[in-house]
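S.K.:
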């Protein structure tokens, strides 16, 4: 009976990963929000955004809520980013994750803004649990996010556009095959909330995106990742990345997608992990990020 149940769960996981996808919208689109374009975590940026099948830190609430169950201990992630070549535009991220044997929890705040003009805030509560617990050949987890999105303009501008708050959500799943291969599927920004500051004909939309991810660890120090992503524009693009660690102390990363190239490095210093990354864009220029990761608590395994 238990074996039949496990087979059924594995089939369900494969179905979610490979078959069940929301319809792709092809209509022209208004402008999207900045915080859907700027990644959470320098490690992910350095790997080209191909991260939903690999994420194992407090940015899981951003990349794939199902991955919250994979953390060995509690985790705090702090990030600061200077996106593109836009004057006064900056972004920051604070994430907290608490893995548990029953339900794992993640909480994050993602802020992007232009000083004196406008600000965007995304507050996320993520929950995840195992369908197939680690330890066997297969492990499978599912997760979801409830997100509060706030966009506001500075009241000192010539015209006060005010502010708006909307709710949206994400769903994700993660399937691990042995210790080397992981597959993921994530659907983000369900419902596509619209922030209408320019009348009924305009506004900013937090667009629905999707992500099919894969991560392969060919040895404990080296990993390659990939993602097939439905971007905010409605187009599907390929992302790829790689990471190599030397003596489990210093890591190098690289990644790419259409019109973008990225790279970065990581350093483990005792209980802290520091990551830096850059990303170039053909039209928008270069972005730079730095992250500090602070694991805490005892190991679960």
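In the numbering used here, the protein residues as written are 2 to 302.
From the three backbone atoms N, C-alpha and C, an ideal C-beta is built for every residue, glycine too.
Excluding the 5 residues preceding and the 5 following residue 134 in the sequence, name in chain order all residues of the same chain whose CB lies nearer than 6 Å to its CB.
M.R.: If we look at residue 134 and ignore the five residues flanking it on each side, it has no Cβ neighbours.
S.K.: Using the rule of at least 16 other Cβ atoms within 10 Å of the residue's Cβ for burial, across every protein chain shown, is residue 319 buried or exposed?
M.R.: Shown here, the chain extends from 2 to 302; a query on residue 319 therefore has no answer.
S.K.: Going by alpha carbons, who is nearest to residue 100 out of 70, 111, 137 and 114?
M.R.: The option with the nearest alpha carbon to residue 100 is 70.
S.K.: Can you find the residues in the same chain that come closer than 6 Å, C-beta to C-beta, to residue 166, ignoring five residues on each side of it along the sequence?
M.R.: For residue 166, where only same-chain residues beyond five positions count, the Cβ hits under 6 Å are 151.
S.K.: If you draw a straight line from the alpha carbon of residue 176 to that of residue 247, how long is it in whole angstroms?
M.R.: Roughly 27 Å separates the two Cα atoms.
S.K.: Distance check for residue 163 and residue 154, CA to CA, integer angstroms please.
M.R.: C-alpha separation (whole angstroms): 6 Å.
S.K.: May I have the straight-line CA-CA distance separating residue 258 from residue 49, to the nearest angstrom?
M.R.: Roughly 7 Å separates the two Cα atoms.
S.K.: Please classify residue 237 as buried or exposed, where buried requires at least 16 other C-beta atoms within 10 Å of its C-beta.
M.R.: Exposed is the call here.
S.K.: Pull up the distance between the alpha-carbon of residue 137 and that of residue 129, whole angstroms please.
M.R.: Taking the straight line from one Cα to the other gives about 19 Å.
S.K.: Within 10 Å of its beta-carbon, does residue 46 have 16 or more other beta-carbons around it, so buried, or fewer, so exposed?
M.R.: Burial call: buried.
S.K.: Tell me whether residue 299 is buried or exposed, calling it buried when 16 or more other Cβ atoms sit within 10 Å of its Cβ.
M.R.: With fewer than 16 other Cβ atoms within 10 Å, it is exposed.
S.K.: Using a 10 Å radius around the Cβ and a threshold of 16 neighbouring Cβ atoms, would you call residue 254 buried or exposed?
M.R.: Counting Cβ neighbours within 10 Å, residue 254 comes out buried, since at least 16 surround it.
S.K.: Exposed or buried, which one is residue 221 when buried takes at least 16 other CB atoms within 10 Å?
M.R.: Classification of residue 221: exposed, given that the 10 Å Cβ count is below 16.
S.K.: Can you tell me which of the three DSSP states residue 55 falls into?
M.R.: In the structure shown, residue 55 sits in coil (DSSP, three-state: anything other than H, G, I, E or B).
S.K.: Going by alpha carbons, who is nearest to residue 117 out of 82, 181, 88 and 142?
M.R.: Answer by Cα proximity: 88.
S.K.: Take residue 142 as the anchor and find which of 281, 67 and 81 has the nearest alpha-carbon.
M.R.: The shortest C-alpha separation from residue 142 is found at 67.
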